[in-house]
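Here the numbering used here = 1-based position in the sequence shown + 7.
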Amino acid sequence: MDLTILYRGPLASCDYDCPYCPFAKRRDAPAQLRADRAALERFTAWAAAQTGDTLSLLFTPWGEGLVRSWYRRALAELSRLPQVRRVAIQTNFSCRTDWLAEADLDTLAFWITYHPGQVTHERFLARCRELTALGARYSVGVVGEPEHLAPARRLRAELPPEVYLWINAADGRSYTDQQAAGWTALDPLFGYSRDPHPSAGRPCRTGESVISVDGDGTVRRCHFVRPPLGNLYDGSYRAQLLPRPCPLPVCDCHIGYVHLESLPLYEVFAGGVLERIPHTAR
């Protein structure tokens, strides 16, 4: 099989305090952290055993994963597996970079969000420069709140030109054409994020070649369609992998609509779908 998996365990804690995020400065109890670690180690062991498959893995934790040692270790281990084509994580990358010495940087990649107000421009840019010097694959993005426009412009001006800067439309916010033009000047692909995409009845790769997996191994077609397809660890999901249309009226999150066959995003991001790097940026 050639399978893309979006993994999300129990972790819900974050070291940042973004006002638009329900998980800001949330603390997980020790028992929840132990459960998250055990779930991630189980998933990593499963991936290591899939020697007959080809896997592409994206970690999409509710909280911040890379401040936890078990995420850093899992990413490094997974990046060295021959059956893993790509392993990536959504992160604020507030962690150090020395652990990357244990990883295969041809396989590992990062989808990094810059949160103005949570980290200084200088500190964040320095971390990006470290990643560039190491040869790491990464994209950087900003949530399209009005107060983020000036920091995003400054960041774009100082990032290496080959680093893609993406803009996510803020949840619940609509943009006038003038406002959208300001964001599009930074991210030519902002139009895909600006408004939700009609998806009902349209073909989508999720549920066929793309699945989401919870910490207990429950498999769903994506994070946004809740009926389960089976369980990863007993193999019951495999018989359920088949083409199927989207049952939801719209899809408004990049990790969902990037897989819609009605959009050209697999061509736009060819070779960089999981880490959100367009092929023109490489």
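Quick reminder that beta carbons are idealized off the backbone N, C-alpha and C, glycines included.
All values derive from a computational prediction rather than experimental measurement.
When LEU107, TYR121, THR114 are compared, the shortest CA-CA separation from TYR23 is found for TYR121. Under the three-state reduction of DSSP output, SER146 falls in the strand class. Between CYS135 and VAL170 the beta-carbon gap is near 7 Å, inside 8 Å, which marks them as a contact. The beta-carbon separation of GLY214 and ARG228, rounded to 3 Å, stays under the 8 Å limit for a contact. Bridge partners of PRO89 according to DSSP: none are assigned. For the region 35-87, the continuous alpha helix (DSSP H) assignments of 4+ residues that do not extend past its boundaries occur at 37-56, 76-86, in sequence order.
Within the same chain, Cβ atoms closer than 8 Å to the Cβ of ARG209 are found at PRO252, CYS253, LEU267, GLU268, SER269, the five residues on either side in sequence being excluded. Residue pairing by DSSP places THR120 opposite GLY148 in a beta bridge. With contacts defined by Cβ atoms closer than 8 Å, THR114 and GLU84 do not form a contacting pair. In the DSSP assignment, the residues bridged to THR225 are ASN238. For ILE284, there is no enclosing beta strand (DSSP E), as DSSP gives it neither H nor E. Across the structure, SER181 and ALA187 are spaced so that their CA atoms are roughly 9 Å apart.
When the beta-carbon positions are compared, SER63 and LEU281 come within less than 8 Å of each other. In the structure shown, GLN125 falls within a coil segment according to DSSP collapsed to helix, strand and coil. Contact between GLY151 and TRP118 fails: their C-beta atoms lie close to 16 Å from each other, not under 8 Å.
In this structure, ILE96 is the residue among ILE96, VAL126, VAL275 with its C-alpha nearest to the C-alpha of LEU73. In chain order, VAL220, GLY224, VAL226 place their CB closer than 6 Å to the CB of LEU239, counting only its own chain and leaving out the 5 sequence neighbours on each side. For THR67 and ASP111, the gap between their C-alpha atoms comes out near 20 Å. Burial is judged here by how many other beta carbons sit within 10 angstroms of a residue's own beta carbon; VAL91 has at least 16 and is buried. Between ARG233 and the set PRO195, GLU48, ILE218, the nearest pair of CA atoms involves ILE218. Residue environment analysis places LEU13 among the buried positions, since at least 16 neighbouring C-beta atoms fall within 10 angstroms of its C-beta. Annotation: PRO123 to ALA164 spans about 15 Å, alpha carbon to alpha carbon.
Take HIS155, set aside five residues on each side of it, and the residues of its chain with a beta-carbon closer than 7 Å to its own are PRO123, VAL149, in chain order.
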